[in-house]
Structures are given as C-alpha cells and as structure tokens.
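Take a look at the structure set out below.
Protein chains: 2
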Amino acid sequence: MLRPETGNKKPVAKAHLTDPRSGCPIATSLDIIGDRWTLVILRDMINGKKKYSEFLDAPERITTNILADRLALIEAAGLAKRRLYQQRPKRFEYELTTKGKKLQPVLQEICRWANRYYPETWVPPKSFMENQDEA
Amino acid sequence: MLRPETGNKKPVAKAHLTDPRSGCPIATSLDIIGDRWTLVILRDMINGKKKYSEFLDAPERITTNILADRLALIEAAGLAKRRLYQQRPKRFEYELTTKGKKLQPVLQEICRWANRYYPETWVPPKSFMENQDEA
DNA sequence: ATAATTACTTGTAAATTGCAAGTTACAAGT
DNA sequence: ACTTGTAACTTGCAATTTACAAGTAATTAT
Numbered sequence: 018m019l020r021p022e023t024g025n026k027k028p029v030a031k032a033h034l035t036d037p038r039s040g041c042p043i044a045t046s047l048d049i050i051g052d053r054w055t056l057v058i059l060r061d062m063i064n065g066k067k068k069y070s071e072f073l074d075a076p077e078r079i080t081t082n083i084l085a086d087r088l089a090l091i092e093a094a095g096l097a098k099r100r101l102y103q104q105r106p107k108r109f110e111y112e113l114t115t116k117g118k119k120l121q122p123v124l125q126e127i128c129r130w131a132n133r134y135y136p137e138t139w140v141p142p143k144s145f146m147e148n149q150d151e152a
Numbered sequence: 018m019l020r021p022e023t024g025n026k027k028p029v030a031k032a033h034l035t036d037p038r039s040g041c042p043i044a045t046s047l048d049i050i051g052d053r054w055t056l057v058i059l060r061d062m063i064n065g066k067k068k069y070s071e072f073l074d075a076p077e078r079i080t081t082n083i084l085a086d087r088l089a090l091i092e093a094a095g096l097a098k099r100r101l102y103q104q105r106p107k108r109f110e111y112e113l114t115t116k117g118k119k120l121q122p123v124l125q126e127i128c129r130w131a132n133r134y135y136p137e138t139w140v141p142p143k144s145f146m147e148n149q150d151e152a
C-alpha cells in the first residue's frame with residue numbers, strides 16, 4: 018500500500034479503550050495497560066528513552082509492528098505524547114505525560130514483588146525505585 | 018472428548034511462564050500477570066471470593082473458558098492454591114498464597130492511579146486499600 | 001554508487017480471546 | 001421417577017491479536 022510519508026495513523030480501534038468493562042479501577046486500568054508490552058515501553062520511557070529505535074533495543078525484543086501499535090495506543094491513552102523533532106525525514110520522539118509518569122509507583126511495586134519472588138530478576142537502579150517525579 | 022471427572026488439567030503451555038523474556042522484573046512479572054484478566058481475578062480473591070461461580074459473577078463478565086484457563090495459570094504461577102473442599106461432587110476453592118497476596122500493593126497503586134485519571138471509577142473500600150496482609 | 005539507519009508498514013501463520021453451547025455430577029422439587 | 005437447577009467446567013468455532021519475516025521511504029555515511 019501507499020505510505021507517502023511516515024506518521025499516518027492506523028485505525029487503533031480496541032473497543033475497551035473507549036468503553037471500559039466496568040467501573041472498577043483495576044479493570045479500567047487493565048483495559049489500557051493490561052498486556053505484555055505496554056508497561057515495558059513505559060519502563061523505558063521512565064528511564065529516558067524517547068525514540069523508536071531505542072525501544073527496539075530493549076532486551077525483550079519487541080517486534081516492530083507491536084511497537085508501532087503500542088506507541089499509538091500509549092499516545093491515544095494520553096500516557097505519552099509524540100513530538101516531531103525533525104522535519105525531513107519526519108522523526109518523532111515520545112515523551113511521558115504526567116499521567117504516564119504517575120504509573121511509576123505501579124512499576125515500582127511490580128519490581129518489589131518480582132525481586133522478592135524471582136530472585137534472578139535485576140534490581141532496578143535507585144533512580145527508578147525512588148524517584149517520584151515532581152508535578 | 019473424554020473427561021471422566023472434573024479436575025483434570027489442560028496443557029497450559031505458555032512458553033513465557035517458564036522462560037521469561039528477560040531478567041527485567043517488570044517483563045518477568047508481565048509474563049505472568051500481563052493480561053486483561055489475571056489481576057481482576059486476584060482482586061476478587063483478595064476480596065474473599067473463592068469459588069468459580071463467584072468469579073463468574075464479577076461485573077466484567079469473564080467467560081468460562083477464560084476463567085478456567087486463568088485459574089489454572091494462577092495456580093501454576095503459585096499465586097493461589099486450589100483446594101478440594103467437597104468430595105462428591107468434586108468442588109474446588111481457590112485461595113491466595115502469600116505470593117499472591119503480596120501483589121496487593123500493585124493493585125492498590127493501580128487503583129490510586131485510576132481513581133485519579135478516571136474519576137468515574139469506583140473508589141475501593143478502605144479494607145482493600147489499607148489492608149496489608151500479615152505474613 | 002552502495003550500504004546503512006530510522007521509523008515504520010505489510011503479509012501471513014500461530015496463538016489467544018470471546019461467544020455459545022454442551023457435559024458431568026449431584027441436589028431439590030413435583 | 002422425572003424434570004429442573006446448580007456448580008464447575010469443556011468443546012467448537014469465529015474473530016482478534018501476536019509473532020516473525022520481509023519490505024519501504026527518506027536521508028546520511030562510505
């Protein structure tokens with residue numbers, strides 16, 4: 018198909034994003050972050066990664082189509098914003114919004130749990146576990 | 018197919034359960050809890066639900082095949098244990114292990130985040146948000 | 001001129017999910 | 001005795017999502 022320039026959107030329907038399964042805060046959140054990839058991308062964003070290629074470098078080896086899809090969903094959910102940082106060729110970088118940054122305590126608790134029950138998991142740097150972003 | 022009595026297991030392969038994508042505590046955790054249903058079942062277990070039919074009653078309307086699959090995975094991951102509480106007919110109840118209970122802080126942070134950014138979500142009872150289970 | 005890089009898209013097979021219906025074992029009502 | 005109901009699942013199948021591989025457009029590096 019034609020793709021005259023980068024940056025055109027795919028449908029990104031996903032019914033549960035607009036129509037949560039219930040009023041439960043957990044179910045509503047999982048409609049957005051309840052998959053195997055979204056939070057690992059958020060992890061990288063918290064650690065300062067911004068560019069598509071940086072996210073691809075993660076040791077979990079996300080595939081390009083999933084990454085593109087998740088970045089669009091993350092943006093649609095208001096967890097990050099896409100900024101054009103170069104006109105030709107168009108290049109975007111992704112930055113967390115406050116809403117996205119506020120998920121850091123969730124990630125921190127996940128890490129505490131994993132470090133306790135899966136001792137082979139890495140202990141995150143203090144900057145990740147202590148830093149509660151202002152704002 | 019034959020199913021002489023209830024309680025026989027299905028394969029439950031899921032490669033990432035035995036072989037995490039990386040040593041990252043977040044990725045490792047998401048290999049287990051990174052889906053749209055597992056944590057809502059854990060929520061119900063924390064709130065004292067034990068039986069299959071009780072989990073089915075949740076407002077999110079989980080289907081029976083997904084519930085059966087998730088209960089098996091939750092047990093395989095050591096987050097809950099299945100107990101035969103009645104011999105004839107065989108009836109099981111599911112109870113959180115300590116490992117499963119220790120995910121409560123993760124759920125609490127998810128609730129805090131959702132209550133802030135999705136004001137239409139329910140505010141959980143204090144018992145859920147404050148209770149840090151002993152052990 | 002060729003190779004490499006970035007940020008994707010496309011195609012297709014495999015796996016997972018959702019929906020509906022069926023099954024087994026028993027209990028309770030008529 | 002027979003039908004109805006309930007609990008805890010299983011089965012079949014269509015629809016959606018995921019993984020894997022390859023391709024593409026624009027531009028820079030060699």
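Listed in order, the protein sequences are those of chains A and B. For the first sequence, the positions run 18 to 152 when this note's numbering is used. For the second sequence, the positions run 18 to 152 when this note's numbering is used. The beta-carbon is built from N, C-alpha and C at its ideal position, and this holds for glycine as well. Just so we're clear, the structure is a prediction, and the values are computed from it rather than from any experiment.
Query                                                                                                                                                                         : Result
Could you confirm whether any beta carbon from chain A is found closer than 7 Å to the beta carbon of Ala131(B)?                                                              : yes
Decide if the stretch 122-131 of chain B is in contact with the stretch 80-88 of chain B; the criterion is three or more beta carbon pairs, one per stretch, under 8 Å apart. : no
Step through the CB atoms of chain A and report whether any lies within less than 7 Å of the CB of Gly40(B).                                                                  : yes
Which stretch, first to last residue, makes up the alpha helix (DSSP H) that contains Ala75(A)?                                                                               : Element bounds for Ala75(A): n/a, residue is neither H nor E.
Exposed or buried, what is Asp36(B) when buried is set at 16 or more other beta-carbons lying within 10 Å of its beta-carbon?                                                 : exposed
Let me know if Arg100(A) comes out buried or exposed under the rule of 16 or more other beta-carbons within 10 Å of its beta-carbon.                                          : exposed
Got a sec, what are the start and stop residues for the alpha helix (DSSP H) Leu124(A) sits in?                                                                               : Gln121 to Tyr134
Using beta-carbon positions only, say whether Leu47(A) and Arg53(B) come within less than 7 Å of one another.                                                                 : yes
According to the Cβ coordinates, are Glu77(B) and Val57(B) closer than 7 Å?                                                                                                   : yes
Are the C-beta atoms of Lys68(B) and some chain A residue less than 7 Å apart?                                                                                                : no
Between the stretch 61-70 of chain B and the stretch 60-75 of chain A, are three or more C-beta pairs nearer than 8 Å?                                                        : no
On the CB-based measure, 16 or more other CB atoms within 10 Å of its CB, does Ile43(B) come out buried or exposed?                                                           : buried
For Lys143(B), is the beta carbon positioned less than 6 Å from some heavy atom of the ligand HEM?                                                                            : Of ligands this structure carries none, so the ligand HEM is not represented either.
Determine, using beta carbons only, whether Glu151(A) comes closer than 7 Å to chain B.                                                                                       : no
In whole angstroms, what separates the C-alpha of Lys66(B) from that of Pro142(B)?                                                                                            : 15 Å
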